[in-house]
């Protein structure tokens, strides 16, 4: 998956992320696309799949590749190369990791994904899809660096150390380590908010 290590400037049209923020519907080809809330729109993707279908992304990402115009040329991309996508209500990293928490530390869960489908043969035929079952395991995406890894306390604690005061609070807090990590992810994100351009 393509990763870019750049941080967009906060412009006048950018707002602090809160739950309920509307991400634009489409494919994020890079981390920069995600940070800019600037995906490739479904209507711009060249495919026989109905772009208004609620299952558009499931079927699109079950194909070997897809194409779309950019900078006066046609770009070909495989599902494994994308950063992620937004279906208009939820955001995904790659094809099978759903964002549960979005912030400086993003928390994601591995979910089911369509891994193959049959295309139209005759008008009116329906798509038939096979699904690959997700594990439900939790993962972390570091918003600042683009690093993606399993949610392990030791790895998350390395990020907490960027905020010395918060890390001291974390070390002094009681409770089980795994539960404490999840609580302090939320606190870290509150103290270090992220901003996105408003959805269109």
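Residue numbers (the working numbering): 2 to 201. Even for Gly, the Cβ is constructed at its ideal location relative to N, Cα and C.
From residue i to residue j, what distance separates their C-alpha atoms?
i           : j           : result
residue 162 : residue 36  : 23 Å
residue 177 : residue 138 : 18 Å
residue 186 : residue 159 : 12 Å
residue 166 : residue 196 : 23 Å
Give every residue of the same chain whose Cβ lies closer than 7 Å to the Cβ of residue i, excluding the five residues on either side of it in the sequence, and list them in chain order.
i           : result
residue 121 : Confidence at residue 121 is low in this model, with a pLDDT of 45, below 50, so the placement of that residue should be treated as unreliable; the coordinate-derived value is given next. Taken in chain order, the residues that qualify are 49.
residue 213 : Because the chain here runs from 2 to 201, residue 213 falls outside it and cannot be looked at.
residue 1   : Here the chain has residues from 2 to 201 only, and residue 1 is not among them.
residue 142 : 94, 107, 109 and 149
Taking Cβ to Cβ, would you say residue i is nearer than 8 Å to residue j?
i           : j           : result
residue 154 : residue 14  : no
residue 43  : residue 17  : no
residue 99  : residue 193 : no
residue 200 : residue 23  : yes
residue 29  : residue 86  : yes
residue 140 : residue 152 : yes
Can you find the residues in the same chain that come closer than 6 Å, C-beta to C-beta, to residue i, ignoring five residues on each side of it along the sequence?
i          : result
residue 9  : Since pLDDT at residue 9 reaches only 44, below the 50 mark, its modelled position is unreliable, and no value is offered.
residue 80 : 62 and 96
Leaving aside the five residues before and after residue i along the sequence, list all residues of the same chain whose C-beta is less than 8 Å from its C-beta, in chain order.
i           : result
residue 179 : 154
Item to check | Stretch-stretch touch, CB-based, cutoff 8 Å, three pairs: the segment 64-75 with the segment 85-99 | outcome: no
Item to check | 3 or more residues per run - each beta strand (DSSP E) lying fully within the segment 40-87 | outcome: 67-71, 74-78 and 85-87
Item to check | Ranges of the alpha helix (DSSP H) found wholly within the segment 125-191, counting only runs of at least 4 | outcome: 154-161 and 165-173
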